[in-house]
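Student:
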Amino acid sequence: MKNKKERTELVTPPLNALLPGIARQSTLDLERAYKDLTIYEREITMNELLEAYQDNRV
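Our numbering applies: residue 130 is where the sequence shown begins, and numbers increase by one.
(1) Hey, quick one: how far does the alpha helix (DSSP H) through I188 stretch, first residue to last?
(2) Using the Cα positions of S155 and P149, report the straight-line distance between them to the nearest angstrom.
(3) Do E177 and P143 count as a contact pair if the criterion is CB distance below 8 Å?
(4) Tell me, which residues are paired with L166 by DSSP?
This is how it looks when you write it as structure tokens:
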């Protein structure tokens, strides 16, 4: 999704919130190759996702 400054970011919950897996790790490794993308491993709330959706940032 795009943040409020229109920068593209990938937000994924940290591993304490979900099981580690090969697909998740492979996706994160591939995404790190994109210089225009910032990856955050942090909690994301439904309100944050809904706000981004309503602002057409998802």
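The C-beta atom is built at its ideal place from N, Cα and C for all residues, glycine as well.
Tutor: According to the data block:
(1) The shown model of the chain, from 130 to 187, leaves out residue 188, and the question about it has no answer.
(2) 11 Å
(3) no
(4) T137
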